[in-house]
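In my numbering, the protein residues as written are 12 to 734. Just so it is clear, CB atoms sit at the ideal spot from N, CA and C, and this is done for glycine as well. Here the structure is a predicted model, which means the values were calculated and not measured. In what follows, a single structure is set out as structure tokens and then discussed.
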């Protein structure tokens with residue numbers, strides 16, 4: 012058994028360096044988990060450390076299991092070395108401490124841990140108790156505010172009521188904590204919060220745990236929040252053997268409270284700390300690493316790492332400009348099909364995107380091609396709650412006998428239709444041998460005197476708030492297009508205010524609804540029946556397991572910690588990546604760049620970067636601007652043209668807004684599909700599509716040997732060969 016085998020020079024230095032504070036800045040694919048597990052094993056096997064004095068923490072159960080299995084393997088597969096060694100997540104460690112020290116705390120060691128569903132249920136009840144409007148003070152937004160306070164170790168008594176909303180949030184916070192304790196329950200944030208309070212408030216407890224945990228190791232240190240950093244400082248003491256591994260360039264969870272600045276705080280709080288750089292990459296080709304460095308080096312205030320590999324340069328990165336989102340998705344599917352024909356396994360391919368809503372066009376493209384796929388880190392698009400809600404409304408309009416859809420949406424959003432009212436409705440339907448929708452429609456037609464034997468006035472009023480809109484939608488379903496029905500439902504039920512609750516999750520839910528509107532718009536000529544059939548084909552597919560030999564679709568956030576031989580990153584347009592919500596926040600923009608960096612460095616052998624010439628962000632399709640990150644990539648590293656900083660949309664805008672520019676009428680189409688044309692650089696080609704936009708004409712041309720190009724007529728210098 013050799014705990015130092017197969018380590019490079021820098022890894023060996025990190026594993027064997029003397030006790031004290033050590034910061035390892037590990038580039039992607041440089042073996043950070045390898046270094047952490049080898050150091051833990053080395054401390055026990057070669058330095059004689061007591062296993063009970065070793066604590067290694069990370070963020071996910073999966074990472075903790077991998078860490079444990081590697082340490083066991085390094086120790087010769089001998090589990091006897093592990094009893095007493097603390098290996099796990101921050102939350103598991105804190106739960107263990109709190110149960111052990113519960114006699115000093117306002118709850119017993121039998122406390123339960125509330126998950127998200129439990130927390131939302133409790134907060135909904137508190138909102139009701141406080142007499143608040145749940146649309147204005149949504150449980151999700153209040154919980155998000157409370158979570159941020161706990162992560163910053165702000166108690167109820169310290170919570171700043173500096174705005175009217177925060178005054179309401181403070182009352183909810185106090186009631187929430189009281190209810191948690193009455194239930195002998197903690198939420199996930201409480202596990203950290205109460206452990207820090209325990210260690211701060213009890214000198215003897217703090218001293219005992221410092222004696223117990225003499226060797227502390229931390230993985231993914233850049234993802235720690237304020238509470239976790241405080242916990243580590245309390246446990247390690249002023250002269251610690253504290254070994255932390257991380258990469259500030261891969262800090263992408265700011266919205267969860269993660270603070271990459273903890274890396275800088277570590278260096279300030281432990282000025283004697285050793286800093287070791289891991290720069291040799293074992294995952295990617297040098298070309299991929301050079302692209303990653305060209306992008307991340309633009310972020311200010313960071314310590315640069317010169318990533319290198321012994322794998323060689325590899326192939327250049329492919330940059331592809333699609334016409335629109337559908338063309339972008341088709342390119343991905345067709346390219347994967349070609350790669351698999353060449354011997355690549357489908358599971359070796361991953362498609363990454365900024366927001367969950369972007370998966371819709373990809374899923375449709377895979378479905379049309381009859382190819383399987385799997386999604387990691389998010390539900391399938393058509394399986395998401397908000398999408399299922401709206402689809403249920405459309406299914407009910409299409410088929411009022413659909414009882415499952417009716418019961419899903421009857422009180423969504425809430426209309427005051429309680430369980431007793433639903434039970435009375437179903438009893439009426441059974442008594443009259445009708446469907447519940449039939450009862451509702453009859454009630455809408457005669458609201459005052461029908462079914463009074465089982466429905467009191469309050470119940471009838473609540474049911475009428477649903478029955479009347481349903482009756483109106485059924486009257487209009489034949490004359491309305493799918494998109495008109497979607498918009499009618501959304502407006503009538505005020506669904507946006509229901510799901511957009513002030514949190515990032517709420518904004519993403521509304522983005523998903525906008526993506527569904529786009530899908531509905533594409534079915535304008537086919538009708539509701541065809542649209543619902545297509546949706547059913549997608550939503551009825553079984554979720555693929557990780558063992559399935561299929562490409563993986565995932566967000567860039569979900570890609571952290573994963574790697575694939577072939578990676579596609581789609582949506583490289585300003586407003587998508589970087590996201591438009593980040594434009595006015597320098598910190599958010601820096602994180603968007605880190606997010607792209609993480610995506611690039613997931614690729615081992617091949618990397619495809621895609622953007623769309625036209626894209627729908629919110630509303631109709633418009634010319635899009637290439638992501639600013641594409642301009643950072645040296646042209647010699649890519650196959651394909653790096654888009655010009657001055658896009659056609661900018662050029663047109665500049666022309667129209669100059670004072671000296673006379674107004675110009677809309678352009679007339681000069682080209683049409685089927686024309687043969689010649690370009691001075693691309694040679695001869697065939698026009699396959701054309702569209703007038705603003706004061707110019709966009710042309711899509713397939714050139715012999717050059718592929719499909721998107722050009723603007725006024726600047727393309729095209730010669731018509733055959734009309």
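Partner residues in the beta bridge of residue 364, as assigned by DSSP, are 566. When beta bridges are read from the DSSP output, residue 633 appears opposite 626. A direct Cα-to-Cα measurement between residue 601 and residue 310 gives close to 6 Å. Between the stretch 77-89 and the stretch 44-56, the count of C-beta pairs closer than 8 Å reaches three or more; the two stretches touch. Taking a C-beta distance under 8 Å as the contact criterion, residue 41 and residue 289 qualify as a contact pair. Three or more Cβ pairs drawn from the stretch 245-264 and the stretch 605-616 lie within less than 8 Å of each other, which places the two stretches in contact.
Exclusion of the five residues before and after residue 273 leaves 235 and 240 as the residues of its chain whose Cβ lies within less than 6 Å of its Cβ. Residue 180 is classed as buried because its beta carbon has at least 16 other beta carbons within 10 Å across all chains shown.
DSSP places residue 212 inside the alpha helix (DSSP H), whose first and last residues are 199-212.
Collapsing the DSSP output to three states places residue 433 in a helix. Around the beta carbon of residue 733, fewer than 16 other beta carbons lie within 10 angstroms, which makes this residue exposed. For the options 397, 223 and 700, the alpha carbon positioned closest to that of residue 505 is the one of 397. The beta-carbon distance between residue 246 and residue 224, rounded to whole angstroms, is 6 Å. This is short enough to meet the 8 Å contact definition. Residue 23 and residue 697 have their C-alpha atoms spaced approximately 60 Å apart. Under the three-state reduction of DSSP output, residue 587 falls in the coil class, being neither helix nor strand.
Ranking 703, 715, 718 and 694 by CA distance to the CA of residue 728 puts 694 first. For residue 171, the number of other beta carbons within 10 angstroms of its own is below 16, and it is reported as exposed. Fully enclosed alpha helix (DSSP H) runs of no fewer than 4 residues occupy 297-307 of the stretch 277-347, in order along the chain. Judged by DSSP in its simplified three-state form, residue 701 adopts strand. Bounds of any beta strand (DSSP E) do not take in residue 525; it lies within the alpha helix (DSSP H) bounded by 515-532. Residue 307 counts as buried, since no fewer than 16 other beta carbons sit within 10 angstroms of its beta carbon. Excluding the 5 residues flanking it on each side, residue 159 has same chain C-beta neighbours closer than 7 Å at 268, in chain order. Ranking 37, 685, 619 and 35 by CA distance to the CA of residue 332 puts 619 first. Close CB contacts of residue 117 within its chain, under the 8 Å cut and outside five residues either way in sequence, are with 192 (chain order).
Closest in C-alpha terms to residue 302, from the list 645, 491, 231 and 449, comes 645. Beta bridge pairing from DSSP links residue 96 with no other residue.
Measuring C-alpha to C-alpha distances from residue 249 to each of 400, 455, 524 and 32 identifies 32 as the nearest.
Under the three-pair Cβ rule at 8 Å, the stretch 423-439 does not count as touching the stretch 564-575. Of 611, 13, 418 and 123, the smallest CA-CA separation from residue 327 is found for 611. Under the DSSP assignment, residue 176 falls in the alpha helix (DSSP H) whose first and last residues are 175-193. Taking C-alpha positions only, residue 298 is separated from residue 567 by approximately 20 Å.
Remark: C-beta atoms of residue 578 and residue 363 approach each other more closely than 8 Å. Assignment of beta-bridge partners to residue 67 by DSSP yields 98 and 228. DSSP lists 123 as the bridge partner or partners of residue 196. For residue 166, there is no enclosing alpha helix (DSSP H), as DSSP marks it with neither H nor E. The Cβ atoms of residue 88 and residue 68 lie no closer than 8 Å to each other.
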